[in-house]
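Input: a single structure, listed below in structure tokens.
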Amino acid sequence: MNSGAGLGNLLVLALPLLLLAFLMFSQRRRGREIQAFQDALAVGDKVVMTSGLYGTVIALDPVTATLEVAPGVQVRVDRRAVGMKQPEATTPNAEETE
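Numbering (this note's numbering), first residue to last: 83 to 180.
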């Protein structure tokens, strides 16, 4: 028997398993990062929703967040829909909005 063929078969089986393990590890790490971000949300944070809506967190409870998206306009959303904090460069100045 040719031992090279056995090694080739092992490689064909092991490579997809290694790829699958890497993908699972990456997904688990990303899930932990998202959970840490959700846990760190605080009143006053300027955030961007996963839908692209910008707002400021004005109230939090374990399931929902209330955002002010315009002066006097409040929206209650699921905390999981908050995608990220606003980058500082995208916050408009008061002079630019008038």
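Every residue, glycine too, gets a C-beta built ideally from N, C-alpha and C.
Please read all numbers here as calculations on a predicted model, not as lab measurements.
Proximity below 7 Å, CB of residue i to CB of residue j
i: THR148; j: GLN156; result: yes
i: VAL129; j: VAL164; result: yes
i: ARG161; j: GLN120; result: yes
The beta strand (DSSP E) enclosing residue i, as first and last residue numbers
i: GLY165; result: 164 to 167
i: THR138; result: 136 to 142
i: GLU170; result: Per DSSP, GLU170 belongs to no beta strand (DSSP E) and is neither H nor E.
i: THR146; result: 146 to 152
i: ARG158; result: 155 to 160
Burial state of residue i (16 or more Cβ within 10 Å)
i: VAL159; result: buried
Secondary structure of residue i, DSSP reduced to three states
i: ASP127; result: coil
i: VAL94; result: helix
Contact set for residue i: own chain, Cβ-Cβ below 8 Å, skip 5 residues either direction
i: MET106; result: none
i: VAL125; result: VAL139, ILE140, ALA141 and LEU142
i: LEU97; result: none
i: ASP127; result: THR138, VAL139 and LYS167
Residues of its chain near residue i, where Cβ-Cβ distance is below 7 Å and the 5 sequence neighbours each way are ignored
i: GLU150; result: GLY137, THR138, ILE140 and GLN156
Neighbourhood of residue i by C-beta distance below 6 Å, restricted to the same chain and skipping five residues each side
i: PRO169; result: none
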